[in-house]
Structures are given as C-alpha cells and as structure tokens.
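Beneath this line is the structure, given in structure tokens, with notes to follow.
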Amino acid sequence: MKGLIFTYLVTGGGAAASLFNPFYGLLAYAMFAIIRPVDMWPWAVPEGRYSLILGASMIIGSLYSRDVSFRLGKSSYVLGILLAYLAWCTFRAFGSPDQQLAWDYVDILFKIALPFTIGLLTINSVDRLKQLAWTLAIAQGYVAWEINSYYWGGYNLIRYEGFGGMDNNSAAIGMVTGVGIAFFLAFHSEKTWQKGLAGFLTLLMGHAVLISFSRGGMLGAIIAGIATVIVIPKRPRTYFLMFAVSLFGAYLAGDEVRNRFMTIFVEEDGLREASAQSRLDLWKDCWDVMLKKPVMGLGPNHWPLTASDYGWPHGKEAHSLWVQAGAELGFTGLFLLAGFYFTCICQLWTLTWKSTPVRDEWHRATARMAIVGLCGFMVSASFVSLESLEIPYYTVLLGCGAIKLATQWRKPSEADLLNPACAGEPAYHPDPPFPGLAHA
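Going by our numbering, the first residue of the sequence shown is number 5, and it counts up by one from there.
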C-alpha cells in the first residue's frame with residue numbers, strides 16, 4: 005500500500021508542480037528513474053504511464069516558465085555532446101537490421117536526454133543544486149535501505165536477484181554513483197541532522213555494494229575512494245575521516261567479499277577465473293567488430309544479435325558499457341558517450357581548485373560529489389552493459405548545474421572594485437528574471 009500511495013502522490017504532485025515550475029517535475033522524474041516503483045512494489049503498483057505524465061507536464065511547464073534560462077555557459081558543451089549522441093543513435097537506428105531493438109534504445113535515450121535538457125535549463129540557484137543532490141541521494145539511499153533490509157532479514161536479494169529489474173552488477177553501479185553524492189552531502193551540509201542523514205545513506209549504499217558481490221562495483225568504489233582523496237579539502241580532520249571510513253569499509257567487507265574481489269587478478273594453473281576470463285574474450289570479440297565497422301558499428305542494441313557469430317549464446321551482452329557501445333555505434337558513438345562524461349569531469353575539476361574563484365562554496369562541493377560519483381561509475385561500467393541506468397546521467401546534470409552557475413559569475417575586476425556602485429559585489433550575468441539567484 006505504501007508503494008501505491010507514494011507513486012500516486014509523487015506522480016500527481018510532481019505533475020501539478022511542474023506545470024508551474026518544471027524543475028520540480030524533474031525531481032519527481034529522477035526519483036522514479038532510481039526507485040522504479042513498478043519493480044520496487046510489483047504486488048502493489050500496477051503498470052502505468054507515471055513517468056510519461058511527469059514528462060508531459062515538464063514539457064508543458066517549460067514552454068512558458070520564467071525559470072528557463074538558455075545561458076548555459078560551458079555546460080552547453082556537455083549538453084551538446086549528449087544531444088549529438090542522441091542524434092547519432094537515431095541516425096544509426098534508421099539503417100539497423102532489427103528496427104525494434106534499435107528504436108527501443110533510442111526511446112530509452114530520448115527519455116533521459118529530454119528531462120536532462122529541461123533540468124539544465126531550469127537550474128538557476130544553489131538551492132536547486134542542493135535539491136537535486138538530495139533527491140538523488142535519498143532515492144538511491146532508499147533502494148539501498150530495501151536491499152539491506154532483505155539482507156538483514158536473511159536473504160541477499162541484490163546478490164541473487166539484483167534489484168528493480170537490474171542484475172547485481174547494475175544495481176551495485178547505481179550504489180557506487182550514489183555514494184559519491186551522499187558522502188559529500190554529509191561533508192558539506194551545514195546542519196547536523198543533514199550530515200547524519202547523508203552519512204547514514206552513504207553507509208547503506210556502501211554496504212549494498214559489498215553484499216552485491218559485484219567485482220566491478222567494488223573496483224568502482226575503490227576508484228571513487230581514490231578520487232575522493234584527491235578532490236576533498238586537505239585538512240587533518242579530513243584525513244582522519246578518510247582513514248576511519250577506509251577501516252570501516254574493510255571491516256564490513258569481510259573475508260568472503262575480499263576473496264571474491266581478488267578473483268579478478270588471481271590465476272590458477274595459468275587460467276583466470278571463468279567469468280572474468282569470459283569478459284576478456286567478449287571484449288576481444290567486440291574490439292574485432294569495432295575494427296571491422298569503425299564508424300557505423302552494428303547498430304543500437306545489435307551486439308547481442310551478433311554474439312552467436314563469435315561462438316557466444318544468442319543475446320549475450322558484452323559486459324562492458326564502453327566496448328558494447330563501440331561495437332554497436334562505432335568509434336563515433338563511443339567517443340560521444342565517453343566524451344559526455346569526460347567533458348563534464350574535466351570542467352568540474354577546475355572548480356575544485358582553490359585558485360578558481362566561485363561565488364558560493366556549494367559550486368565546489370557539487371563539483372566534488374559529481375566527480376567522485378562519475379569516476380566510480382565509469383570504472384564500474386567497464387564490467388557491465390547497462391544502457392538504461394539513469395543515475396549517472398542525473399549526476400552529470402548535477403555537475404552541469406554547478407558549471408552553469410559558476411560560469412555565469414566572474415570575479416570582479418579592478419574597475420568594478422573602484423566603482424562605488426558595485427564595490428565588493430561579484431558580477432552575475434543571468435537572463436532576467438532569474439528568481440532566487442540573489443539569495444542562493
């Protein structure tokens with residue numbers, strides 16, 4: 005019953021609110037993308053067009069909303085790459101052998117790109133960055149709560165069944181991405197209860213990664229930890245916090261989890277562990293396809309149709325987002341998809357520097373959480389084919405929001421400081437009206 009009530013309330017409330025402010029429709033849409041109510045509560049929530057209702061309301065609201073701003077700054081590069089990737093997938097779908105499979109992929113990508121675009125156009129204050137970050141952390145944290153509840157109840161659901169229509173590896177990668185967001189919410193939030201809540205969500209998601217027994221997820225979590233050490237402010241209490249988190253993580257892992265992770269590297273009698281070796285063989289075959297079709301690829305969603313030509317069962321996935329994207333969409337599609345994430349990370353990286361002036365420290369905080377989440381995702385995704393996982397896209401949106409706001413502000417010049425009318429005031433250049441920005 006709680007699932008049904010939640011679904012109807014978020015759908016109705018989000019749709020109504022988005023008619024006046026499409027950003028709130030985006031928050032509801034992103035929450036559904038992570039929680040997946042029909043998969044979360046299949047016994048209570050019937051099949052329905054919940055996301056479609058929210059999406060339609062967002063579009064209608066954005067047509068006349070005064071919150072929409074096209075002054076995107078450098079974030080326009082990231083958005084441009086995403087739209088170019090969508091255009092390339094659409095172009096390749098027209099000439100693909102299996103039209104249904106190809107257009108299914110385009111449909112999924114369109115349902116991500118459209119709310120991403122509306123979200124970026126409507127992020128106009130630090131408050132909205134915080135709202136988006138908390139929405140992603142709470143939604144992913146709730147999924148982690150359910151996973152841990154099953155585990156504490158005696159059944160490791162995520163390991164044996166996955167969660168929300170995803171296998172254990174895909175579910176773990178969503179957790180790795182969410183950990184970066186939740187950790188820096190705990191680190192940068194002003195109020196004690198916010199720090200406590202975000203810290204609790206971080207622990208839930210981190211433990212979910214461990215009990216998933218996903219080696220890709222574990223490796224991604226390690227990379228996310230390394231990225232955290234690099235971007236986090238360097239202070240004594242910071243080092244103590246990182247040391248404590250590392251020890252606690254090692255304790256939670258236990259021998260069974262550590263042994264599972266080490267099978268990535270261990271060879272017995274000259275042979276690597278079977279599932280790890282099969283991934284290497286799959287990637288080698290996908291590389292062969294990329295060399296044969298370097299520009300066009302096989303077509304969206306078409307590697308599973310070709311797998312049998314290389315001796316694999318029909319429908320076999322490549323177990324890597326990147327090599328499967330290269331096989332299906334050529335180097336063109338691979339460079340666009342990877343460029344979407346790398347361009348965002350590179351632009352965010354400069355925001356973490358002390359030498360980069362920012363009007364609000366939350367620009368820097370948002371950059372850190374997005375970088376860590378995306379680094380963990382990109383490494384983990386090297387071991388799973390997961391085109392429909394949406395939290396990485398919304399993490400990029402979070403980062404792009406910080407880039408947009410940061411590039412609408414410039415450090416006051418000497419002439420500005422000498423001008424009595426604006427002495428000491430930083431210069432913003434938004435499209436008027438830009439409500440809430442002055443109070444961000």
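Note that CB positions come from ideal geometry on N, CA and C, so glycine has one too.
Asked: Completely contained alpha helix (DSSP H) runs for the stretch 294 to 368, where each covers 4 or more residues; Found: 307 to 310, 325 to 355
Asked: Residue 343 and residue 297 closer than 7 Å at C-beta; Found: no
Asked: Close beta carbons around residue 42, own chain, < 7 Å, minus the five adjacent residues each side; Found: 49, 51
Asked: Whether residue 368 touches residue 378 by CB criterion (7 Å); Found: no
Asked: With 16 other Cβ atoms within 10 Å as the buried cut-off, status of residue 194; Found: exposed
Asked: Assigned secondary structure, residue 74 (DSSP; H/G/I helix, E/B strand, else coil); Found: coil
Asked: Secondary structure of residue 217, DSSP reduced to three states; Found: coil
Asked: Residue 170 - partner residues in DSSP beta bridges; Found: 167
Asked: Euclidean distance between Cα positions of residue 18 and residue 282; Found: 44 Å
Asked: Residue 120 to residue 55 span [Cα, whole Å]; Found: 14 Å
Asked: Inter-residue spacing [alpha-carbon to alpha-carbon] between residue 65 and residue 22; Found: 6 Å
Asked: Distance, residue 357 Cα to residue 363 Cα; Found: 14 Å
Asked: Any alpha helix (DSSP H) of 4 or more consecutive residues that is wholly inside the stretch 47 to 122; Found: 54 to 68, 79 to 98
Asked: Cβ neighbours of residue 317 in the same chain (closer than 8 Å, five flanking residues each side left out); Found: 311
Asked: Cα-Cα separation, residue 287 to residue 324; Found: 8 Å
Asked: At least 3 beta-carbon pairs within less than 8 Å: the stretch 372 to 392 vs the stretch 219 to 239; Found: yes
Asked: 6 Å CB neighbourhood of residue 125 in its chain, flanking five on each side removed; Found: 72
Asked: For residue 385, the nearest candidate out of 314, 174, 88, 157 (CA to CA); Found: 174
Asked: Helix, strand or coil at residue 227 [DSSP, three-state]; Found: helix
Asked: Three-state secondary structure assigned by DSSP to residue 239; Found: coil
Asked: Length of the line joining the Cα atoms of residue 113 and residue 394; Found: 9 Å
Asked: Exposed unless 16 or more other CB atoms sit within 10 angstroms - verdict on residue 47; Found: exposed
Asked: Spatial neighbours of residue 111 in its chain, beta-carbon cut-off 7 Å, leaving aside the 5 residues before and after; Found: none
Asked: Closest residue to residue 85 among 338, 387, 375 (Cα-Cα distance); Found: 338
Asked: Complete runs of the alpha helix (DSSP H) confined to the stretch 371 to 396 [at least 4 residues]; Found: none
Asked: Own chain partners of residue 169 with C-beta closer than 6 Å, once the 5 adjacent residues on each side are dropped; Found: 43
Asked: Whether residue 172 touches residue 100 by CB criterion (7 Å); Found: no
Asked: Endpoints, alpha helix (DSSP H) assigned at residue 132; Found: 130 to 156
Asked: Residue environment, residue 299, which counts as buried when at least 16 other CB atoms sit within 10 Å; Found: exposed
Asked: Chain-order list of residues whose beta-carbon lies under 7 Å from that of residue 146 (same chain, five-residue window excluded); Found: 39
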